Amino acid sequence: MKKYNNYKNLTLLMKLENLYKKMFSTRLRRIIFHSMIAFAGGISLAWGVLYIASNLNVEKGVGGFEASAPTEYIEENSEISAVSVSAENSSSAESSSDGLAELDELALIDSLSENDAESDSLDAAAAVLSQDAYSSEGLELCYFTYRVQKGDMIGYIADKFNVTQDTIISVNNIHQSRLIQIGQILKIPSMPGIIYTVKKNGETAGSIAEKFEISAEKLARVNNIQENQNLVAGQTLFAPDALLDWVTRQEINGDLFHKPIHSRYYLSSYYGWRSSPFSGKRSYHSGVDMACPQGTPVYAALGGTVTSVGYNNVYGNYVIVTHHSGYKTLYGHMSKQLVTRGKWVDTSTRIGLVGSTGLSTGPHLHFTVYKFGKTVNPAGLWK
Numbered sequence: 048m049k050k051y052n053n054y055k056n057l058t059l060l061m062k063l064e065n066l067y068k069k070m071f072s073t074r075l076r077r078i079i080f081h082s083m084i085a086f087a088g089g090i091s092l093a094w095g096v097l098y099i100a101s102n103l104n105v106e107k108g109v110g111g112f113e114a115s116a117p118t119e120y121i122e123e124n125s126e127i128s129a130v131s132v133s134a135e136n137s138s139s140a141e142s143s144s145d146g147l148a149e150l151d152e153l154a155l156i157d158s159l160s161e162n163d164a165e166s167d168s169l170d171a172a173a174a175v176l177s178q179d180a181y182s183s184e185g186l187e188l189c190y191f192t193y194r195v196q197k198g199d200m201i202g203y204i205a206d207k208f209n210v211t212q213d214t215i216i217s218v219n220n221i222h223q224s225r226l227i228q229i230g231q232i233l234k235i236p237s238m239p240g241i242i243y244t245v246k247k248n249g250e251t252a253g254s255i256a257e258k259f260e261i262s263a264e265k266l267a268r269v270n271n272i273q274e275n276q277n278l279v280a281g282q283t284l285f286a287p288d289a290l291l292d293w294v295t296r297q298e299i300n301g302d303l304f305h306k307p308i309h310s311r312y313y314l315s316s317y318y319g320w321r322s323s324p325f326s327g328k329r330s331y332h333s334g335v336d337m338a339c340p341q342g343t344p345v346y347a348a349l350g351g352t353v354t355s356v357g358y359n360n361v362y363g364n365y366v367i368v369t370h371h372s373g374y375k376t377l378y379g380h381m382s383k384q385l386v387t388r389g390k391w392v393d394t395s396t397r398i399g400l401v402g403s404t405g406l407s408t409g410p411h412l413h414f415t416v417y418k419f420g421k422t423v424n425p426a427g428l429w430k
């Protein structure tokens, strides 16, 4: 009986062995082996692609000043340096100038009827304003609200309400006209004009009117003041028929500067907070990095005078151009400067060639815009 059981077990093992040989023939083993190699190779390739992609910014060419906060511009003895400023300090001036306008807007919106605030027809809204908003003499200043609809543009809205684009921009404290949002509530005055903030004590309706070349009598009547009344610095008035200066208008419409690279490029690093390409830590980038081939010509972004040409460890070979209205522009990491200090340049002047000098990971131009010493985003100012 014992021999029979052993024979039975041996037969079962032989059957299993035959089954194994049939299932895993030489050809099948080759297929499985090659499949495993292909699978492993695919995983390795995918990992390599992901690794390269995660570090691709280093290859594109980035660099510039590494700061823990937005920076201010300081120029001493033809040398450039930057000083970090806290978020609280950098926003204090803006908050103080915008606070009154914000409070006025909230009060105005709260005081208007719900039907006005929810108006969804531009033609209907304009009709209500034209019928009800004007006094018999046309000098009563009142406001209407309009909620921005899909497809609206400031110019179209202004035409419908018979005011100027400057009026809507100024009254609503719009900093970039291209960024109005659907659902945004706009204040529309009953006449064209702009908001003016008194700059110094002693200004009068007459002096303000002379500045904007408008009627002093109309300005005084609209604001319920005397023509020769001394005004206080910080006081806000509505200047009927006045227009924004061309610099402010171009700034808000994003048409003030030209791009300093006229050929093909890509933005390898944007303005503002980023992960440092050198340390990986969160840092503040004071400009934009425009990656392009070594030797690409760099042009002045706006007419002005070259006030500094030099080299430092951060920006490498750099050029600084001083423009009107408190603007300066910095061009860094260049392989060569083509201008000298004191030279007048315009948007057709080549001021240098793209390079990778200073704190840089590859050929690119670092471009910074300063307004009254503080950096601003170039992307909102150029055409």
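Every letter in the sequence shown is one number past the one before it in my numbering, and letter 336, counting from 1, is 383. Here a beta-carbon is modelled for each residue, glycine too, at the ideal position from N, C-alpha and C. Remember, predicted model here, so these are calculated numbers, not experimental data.
Is the beta carbon of Ile241 closer than 8 Å to that of Ser217?
Cβ distance < 8 Å, so Ser217 and Ile241 count as in contact.
Kindly give me the distance between the Cβ atoms of Gln223 and Gly427, rounded to whole angstroms, as I take these residues to be in contact under 8 Å.
Confirmed, Cβ separation roughly 5 Å.
Within 10 angstroms of its Cβ, does Cys339 collect 16 or more other Cβ (buried), or is it exposed?
Flag for Cys339 reads buried.
Could you check what DSSP says for Gln212 in three-state terms: helix, strand or coil?
Helix at Gln212.
Report the option in Gly379, Gly389, Val245, Gly281 whose CA atom is closest to the CA atom of Pro307.
Ranking Gly379, Gly389, Val245, Gly281 by Cα distance to Pro307 puts Gly379 first.
Return the CA-CA distance between Met200 and Trp429, expressed in angstroms with no decimal places.
If I take the Cα positions, the gap works out to 19 Å.
Between which two residues does the alpha helix (DSSP H) harbouring Ser254 extend?
Element bounds for Ser254: 252-259.
To the nearest angstrom, how far is the alpha carbon of Pro410 from that of Thr283?
C-alpha separation (whole angstroms): 49 Å.
Please go through the same chain and pick out, in chain order, the residues whose beta-carbon is closer than 8 Å to the beta-carbon of Gln297, but skip the five residues on each side of it.
If we look at Gln297 and ignore the five residues flanking it on each side, its Cβ neighbours are Leu303.
Rank Pro425, Ser407, Val353 by C-alpha distance to the C-alpha of Val392 and give the top, closest one.
When each option's Cα is compared against that of Val392, the closest is Val353.
In the DSSP assignment, the beta strand (DSSP E) including Val353 goes from what residue to what residue?
Start and end: 351-359.
Ordered along the chain, which non-local residues of its own chain (more than five positions away) have a Cβ less than 7 Å from that of Arg321?
Excluding sequence neighbours, Arg321 sits near Ser330, His332.
What is the C-beta distance between Phe259 and Val269, in whole angstroms, given that I count them as a contact (C-beta under 8 Å)?
That pair is no contact at about 13 Å.
Would Glu250 be called buried (16 or more neighbouring beta carbons within 10 Å of its own) or exposed?
Buried: at least 16 other Cβ atoms inside 10 Å.
For Ile221 versus Ile235, is the C-beta spacing smaller than 8 Å?
Their beta carbons are not under 8 Å apart, which means Ile221 does not touch Ile235 by this criterion.
Count the other CB atoms within 10 Å of the CB of His413; is the residue buried (16 or more) or exposed (fewer)?
Buried: at least 16 other Cβ atoms inside 10 Å.
Report the residue ranges of all beta strand (DSSP E) runs contained in full by the segment 276-355; include only those spanning at least 3 residues, in chain order.
Runs found: 283-287, 313-316, 319-322, 329-332, 335-338, 344-346.
So Gly363 is in the beta strand (DSSP E); what residue range does that whole segment cover?
Here the beta strand (DSSP E) through Gly363 covers 363-369.
Taking 8 Å as the cut-off, decide whether the C-beta atoms of Ala252 and Ile272 are in contact.
Their beta carbons are under 8 Å apart, which means Ala252 touches Ile272 by this criterion.
Taking the beta strand (DSSP E) that Ile242 falls in, what are its first and last residues?
Where Ile242 is concerned, the enclosing beta strand (DSSP E) stretches over 240-244.
Could you check if Gly399 is buried or exposed, using at least 16 other CB atoms within 10 Å of its CB as the buried criterion?
Looking at its Cβ environment, which holds 16 or more other Cβ atoms inside 10 Å, Gly399 is buried.
Candidates Gly319, Val279, Tyr193, Leu188: which alpha carbon is nearest Thr415's?
Taking only the C-alpha atoms, the option nearest Thr415 is Gly319.
Whole angstroms is fine: what's the gap from Ile438's alpha carbon to Leu377's?
The first residue shown for the chain is 48 and the last is 430, placing residue 438 beyond what the model contains.
Following the continuous alpha helix (DSSP H) through Leu266, name the residue where it begins and the one where it ends.
263-269 is the span of the alpha helix (DSSP H), which, as asked, contains Leu266.
Opposite Pro425 in the DSSP bridges: which residues?
BP columns for Pro425 are empty, so no partner.
Since Glu274 contacts Glu264 with CB under 8 Å, what's their CB separation in whole angstroms?
Going by Cβ atoms, the distance from Glu274 to Glu264 rounds to 7 Å, so yes, they are a contact pair.
Going by DSSP in three states, Val109 sits in which element: helix, strand or coil?
DSSP places Val109 in coil when its eight states are reduced to three.
Which value, in whole angstroms, describes the spacing of the CA atoms of Val294 and Val423?
Approximately 15 Å between the Cα atoms of the pair.
Reducing DSSP to helix, strand and coil, say where Ile204 ends up.
It is helical.
Taking 7 Å as the limit between beta carbons, can you name the residues of its chain near Ser372, skipping five residues before and five after?
Excluding residues within five positions, the ones whose Cβ falls inside 7 Å are Val294.
What are the boundary residues of the beta strand (DSSP E) that includes Phe414?
From DSSP, the beta strand (DSSP E) with Phe414 extends over 411-418.
Quick one: grab the DSSP three-state call for Leu92.
Residue state, collapsed to three classes: helix.
For a quick check, are the C-beta atoms of Val345 and Val386 less than 8 Å apart?
Contact flag unset, no.
Can you check whether the CB of Ser254 is closer than 8 Å to the CB of Val109?
No, Cβ-Cβ distance for Val109 and Ser254 is not below 8 Å.
Taking the CB atoms as reference points, tell me whether Pro24 and Leu314 lie closer together than 8 Å.
Nothing can be reported for residue 24, as the shown portion of the chain is limited to 48 through 430.
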